[in-house]
DNA sequence: AGCATATCCGGGGTTTACCCCAGCCAATTG
DNA sequence: CAATTGGCTGGGGTAAACCCCGGATATGCT
């Protein structure tokens, strides 16, 4: 039994036919179309393998993985994603248990790669798409990997908050915020005011641009953060 | 004869089988896998209908459409896109001739919608995906539609440039740049310094955030702009 | 012509974002 | 234990971003 979760019908059909052809022993293939549903179905069906699209309504694939692994730690998880965004790799690393079994394939993967990943995870190995190998590399390099503090600050400036607003929200001094931002700029390799020769940068906006380019943040994640933010400010009034 | 262009094999196959089933009279279906190739093939084959993915290597679907329509103004064009980004609608409006025939469908469209769009364009009508109707609305509303000047400034701040750098690049005064930005902020509905009660915003970053959210700009477009920028600065030294 | 709009430019302000420097505390590591 | 690292705090400064105002030009519409 294999459980797949994706909100796009076309992708579900593609994956389902691929699996039924290549893994007839693991039939049937069950389908879910959002994050909450796949968690419920996994609890009942206890499948050995679950495919999760990251971008799904109600509950993201990553959070769904977290809940599934809470109940059934031995479930094999294969994440499907459209992009090699570093945010997701960050989050995954926290969710997956130390010796957890999982795979990560991009949606532009060839059929052979998906089959390969499925075989690997079913037999207890990991399979990581080559396209995100360098991303994982970066998340473990001390000089470029962002700390949680820096990441929080990054999200805030990407939402367009001022230093003052960030300080209030994170219960910090403005100086502390600026300290976080300074080390963030350094890790992103953004030149300071005097050090640039050809082009001058507004570090704040430049940091957002580079981080988005590198997949450290993306729009759908920022939208989540913003809705949390507006909920909090609403609650505090 | 129908020509389709998409760099993703899976999408090509999906579209091709859909067309051969529903439009047997218009066989065969020819395929191209990037923007340059589809322009060349269109010149030779002179198909009445061309499907274009917007995001393609070498040449975007929009620029490909421009070149195809230059040679063969009566070609029917149907754009395929993953997102309802306002940038693309902006650009498209300039490229398509006043009475040009074209369609615009999002990639999450149902099979029925694609068939419907194809019928419409083949018989000389337009077909616009309902999801971008409101976007088109916005591009024609005076209060929210950005002028070219404001759009240029928006791209520059999104790349992380300072007022001074923007002025140098666009051959303007810093005051002129700030004037553009001011009206940009107004159209995006970003509150000024005194006017906000609950949340304070850094207008510059906030503008980038909101514009990205609304699809006025997106990362791949910005990457194009940045490569142009670095070419120019290289040439001027 | 009169009117509105878009754009650029100027003067003269305030606030915010960034700069350098130094020190303190906590947790980790050899 | 010392040594290092990550993080917060502070003083005191510069420059960039934003504010309000008025004025000039050009364009297009009625």
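Protein chains in written order, with our numbering: chain A, 5 to 241; chain B, 5 to 241.
We put the beta carbon where it would ideally sit given N, CA and C, even for glycine.
- Between the segment 22-42 of chain B and the segment 59-78 of chain B, the count of Cβ pairs shorter than 8 Å is three or higher; the stretches touch.
- Straight through space, the alpha carbons of residue 115 of chain A and residue 13 of chain B are spaced by roughly 11 Å.
- From the listed residues A:163, A:206 and A:153, the smallest Cα separation to residue 180 of chain A is found for A:153.
- Chain-order list of chain A residues neighbouring residue 9 of chain B: empty, with the shortest C-beta distance near 17 Å, by a criterion of under 8 Å.
- Taking 8 Å as the threshold, the shortest C-beta distance from residue 18 of chain A to chain B falls below it.
- Rounded to the nearest angstrom, the Cβ distance from residue 7 of chain B to residue 46 of chain B is 6 Å, consistent with a contact under 8 Å.
- By the beta-carbon neighbour count (other beta carbons within 10 angstroms, threshold 16), residue 69 of chain A is buried.
- With respect to chain A, the C-beta atom of residue 5 of chain B has no partner C-beta closer than 8 Å.
- If you draw a straight line from the Cα of residue 87 of chain A to the Cα of residue 15 of chain A, it is about 15 Å long.
- Interface flag for residue 177 of chain A against chain B is unset, since no Cβ pair is found closer than 8 Å.
- Apart from the 5 residues on each side of it in sequence, residue 43 of chain A sits with its Cβ closer than 8 Å to the Cβ of 63, 68, 71 and 72 in its chain, given in chain order.
- Here residue 151 of chain B is exposed: its Cβ has fewer than 16 other Cβ atoms, across all protein chains shown, within 10 Å.
- In the DSSP assignment, the residues bridged to residue 7 of chain B are B:34 and B:54.
- Taking CB atoms only, residue 112 of chain B has a neighbour in chain A less than 8 Å away.
- In this structure, DSSP gives residue 84 of chain B an extended state, which the three-state scheme calls strand.
- Of all residues in the segment 161-189 of chain B, the ones placed with a Cβ closer than 7 Å to any Cβ belonging to chain A are 161, 162, 163, 164, 165, 166, 168 and 169, in chain order.
- Put simply, of B:235, B:215 and B:230 the residue whose alpha carbon is nearest the alpha carbon of residue 90 of chain B is B:215.
- At a beta-carbon threshold of 8 Å, the residues of chain A lying near residue 12 of chain B are 112, ordered along the chain.
- Proximity to residue 20 of chain B across B:65, B:79, B:122 and B:80 peaks at B:122, based on C-alpha coordinates.
- Using a Cβ-Cβ cut-off of 8 Å, residue 204 of chain B counts as an interface residue toward chain A, since at least one Cβ of chain A sits closer than that to its own.
- Between the segment 172-190 of chain B and the segment 126-135 of chain B there are fewer than three C-beta pairs closer than 8 Å, too few to call the two in contact.
- Leaving aside the five residues that flank residue 40 of chain A on each side, the residues in its chain whose CB is nearer than 6 Å to its CB run, in chain order, 62 and 63.
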